[in-house]
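In terms of mature numbering (1 follows the signal peptide of the UniProt record, and there is no 0), the sequence shown is residues -20 to -1, 1 to 527. Here the structure is laid out as structure tokens; the discussion comes afterwards.
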Amino acid sequence: MHPRNQIALAVLLVSSIGCAGSDAHRMANTSTVNSPSATIQQQSDDGYYSELPLPVSLVAFADEDDDFAENELEEVSSDVKTVDDEKEKESDSELDYDLELNDADSAGEQELMPVLIDTIEFASSGGESLQEAWAMAVTVDQKLQSKANVTGAAVYAHEAAKSARNPSLRTFNSYTALDRTPGIGVNIPGLSSLGFSSLPIGEKDFFSSATLASIPLYTSGRISSTINSTCANVHASRFDQRSEMHDLKMEVAQAYVNVLKAEKLVEVVRISVNTLEEHLVDVQDLFDEGVVANSDVLAVKTLLSDARDKYLRATNGLDLASAAYNRFVGRPLDAPVSLTELMNSQPASSEFVSPGLPIEAGPDELVAIASAQRSELQAVAHKSNALRHQAKRELAALGPQVGAAGGFSFLENENLTHQGFWSASLLAEWTIFDGGVARNKAASLRQQASALARLKRDLESRIALQVRQAWLNLQNATDRINVTEKSVEQAEENLKVALDRYRKEVGTNTEVLDAQTLLVQSRNNYYAANYDAALARVMLDRATGSL
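Spelled out as structure tokens, the structure:
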């Protein structure tokens, strides 16, 4: 037979054996082959999906050209019947050999089928992406909105400070009633006897009005210092708002990853429960046949109960993680959550790659980037600057204050030749000594500014530590991915061998249970490493101010 025909025929045989093994061990209710991914999707009673790898030979065969399969299919089919007959004869001879080695009770035992272990893969779902989660959280978060209100208040305060340079127009109006008519005494001989002891200079009831416009001409820097102070406060508020947004994104990313982590934990424990249930059936059958002791059955049942308990706790953890995520995005806490998987082949997904942040940058370069970009540093610097300008404003209030004023005044008085007057004035004010009030206020503000400057230096060292920690965590998680990925493969193979050895009565039940425990631990470590790497990337972006 042509070598390619032999390969194809072997593929068909392995496929038939694999399907028989799946039925014998009740791995799932239904199975469908998904090419080109070369996996078998299976659904269990609780509605969760797992993916089983196809036999290696079938995966290799799937990679062959379709033309070869079509050209050789007819020739391969012609040899299938002959090979099947030979296989039946070989099976009969192997069965006779087994009957000679085993007891009479196992005379009807069928040939053992290959053991298949459930695997978990990162599947790309059509749920919400991290970018969409960030957009929703920024829209509904009340803490961030409160920061926006604080920024708005600072902007209005700055506009008010600038308006102090503009002219002002004021009007004063009054109506006055006196108990007597105002006048001046007249002491002229002869007039007193005639009733002219006083001359009226006003009216008993009168109306007065004044409309004045004024503008500051020179304030010794008081207005400009106030403007600079409020401008610095605006910048500080905006950087505080940006810091709050970065913190919010970090919290959303943590909640996002926690949901994905919880989902994988539920899946790992579910597969563990299924595997132990299948193993319990085999152990119970061997116990009924008198091959193993009852302690094996009890050990499996104990571990199965523990696995079911872990499954209940894992599902509760998933509900808690989903509720926390829903709070961030503004949905009901019990709303269903469907998220897009973050990881494919790279630990740092494109969801986390920030433009302008070098992926291969070292910690020193990242610290330099953080020193230039972190909004917390900018906010503290602007707050310190605002306090220094306020100190200058207090001292400027002691200097000369010069302004100009002009307007129109009206006084209702028939004794006056003109009741209305236009006026223009040059105003000057100078506080020579205030007892040291302004000087002490300025000193207090300068001390506050110095305190913020020291806090800024402390914050710089803290940020440098955050950057290095995030970078080290990312490197560590990336290294752990490579290690744990191999560990999962080895643990799956170890469990497969342990189950096969136990069914052939050459291994112990303890080996199977230990192998199952190691597989669960290896899978949990693998997913923890992947999600730790993804979250470490977000933390690195947050630490450098690039989020």
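A virtual CB, placed ideally from N, CA and C, is assigned to each residue, including glycine.
Check whether residue i and residue j have beta carbons under 8 angstroms apart
i	j	result
A144	N238	no
A279	L493	yes
A509	E491	no
L357	K466	no
residue 528	G415	Nothing can be reported for residue 528, as the shown portion of the chain is limited to -20 through 527.
A371	A422	yes
L284	V253	yes
A514	L322	yes
R354	G525	yes
V447	A523	yes
P147	P162	no
A190	T156	no
As assigned by DSSP and simplified to three states, the class of residue i
i	result
L367	helix
A404	strand
P343	helix
E70	Confidence is the limiting factor: at E70 the pLDDT is only 44, short of 50, which leaves the residue's position unreliable, though a coordinate-based value still follows. Note: E70 maps to helix in three-state DSSP.
G310	coil
E183	coil
residue 547	There is no way to answer for residue 547, as the model of the chain reaches only from -20 to 527.
S178	strand
V518	helix
G297	helix
S526	coil
Y507	helix
I251	helix
I443	helix
E224	helix
A328	Because A328 carries a pLDDT of 39, less than 50, the predicted location of this residue cannot be relied on, and the following value inherits that uncertainty. Note: A328 maps to coil in three-state DSSP.
E409	strand
E139	helix
E108	strand
Q496	helix
Q381	strand
V214	helix
L454	helix
Residue i - partner residues in DSSP beta bridges
i	result
L391	S188
L149	A193
residue 529	This structure cannot speak to residue 529, because the chain is shown only from -20 to 527.
S318	Answer by DSSP bridge pairing: none, since S318 is not bridged.
A157	D185
G386	A193 and A404
G163	P180
Y198	V382
8 angstroms Cβ cutoff, residue i in contact with chain C
i	result
I349	In the displayed structure, chain C is absent; only one protein chain is listed.
From the options, residue whose alpha carbon lies closest to that of residue i
i	options	result
N153	I164, F187, A134 and H138	F187
E269	R483, M519, S502 and R311	R483
residue 531	A523, Q501, R517 and N167	Coverage of the chain is limited to positions -20 through 527, which leaves residue 531 absent and any answer about it impossible.
V518	E485, S467, N453 and D480	N453
L406	G383, S526 and S285	G383
R481	T161, H259 and N167	H259
T282	F267, D299 and L256	L256
M160	G182, P147, L149 and N146	It is Arg, not Met, that sits at residue 160 in the sequence shown. Of the listed residues, the one whose Cα sits closest to R160 is G182.
F219	D262, K127, L158 and S205	K127
S200	L527, W410 and A433	W410
R250	S318, Y511, D286 and L110	D286
Y236	S109, L445, E472 and R503	S109
N208	R373, V232 and V468	R373
N296	V271, A242 and Q264	A242
Y511	T151, I203, T210 and Q234	Q234
S194	S403, W451, V486 and V417	S403
Distance cut-off 7 angstroms: residue i Cβ against heavy atoms of the ligand MN
i	result
I207	The ligand MN is not part of this structure, which contains no ligands at all.
query = Does the count of Cβ pairs from the segment 423 to 434 and the segment 353 to 369 closer than 8 angstroms reach three?
reply = These segments touch.
inquiry  = Does the structure place the segment 301 to 317 close enough to the segment 115 to 129 that three or more beta carbon pairs sit under 8 angstroms?
reply    = Judged by pairs of C-beta atoms under 8 angstroms, the segment 115 to 129 touches the segment 301 to 317, as three or more such pairs exist.
query = Are there three or more Cβ pairs, one per stretch, closer than 8 angstroms when the segment 225 to 232 is compared with the segment 129 to 148?
reply = At 8 angstroms Cβ cutoff, the stretches do not touch.
message = Whether or not the segment 122 to 134 and the segment 208 to 223 are in contact is what I'm after, with contact meaning three or more pairs of Cβ atoms, one per stretch, closer than 8 angstroms; do they touch?
response = Here the segment 208 to 223 lies against the segment 122 to 134, with 3 or more beta-carbon pairs under 8 angstroms apart.
key: Meets three-Cβ-pair contact criterion under 8 angstroms: the segment 390 to 407 and the segment 440 to 451   = Verdict: no, contact absent.
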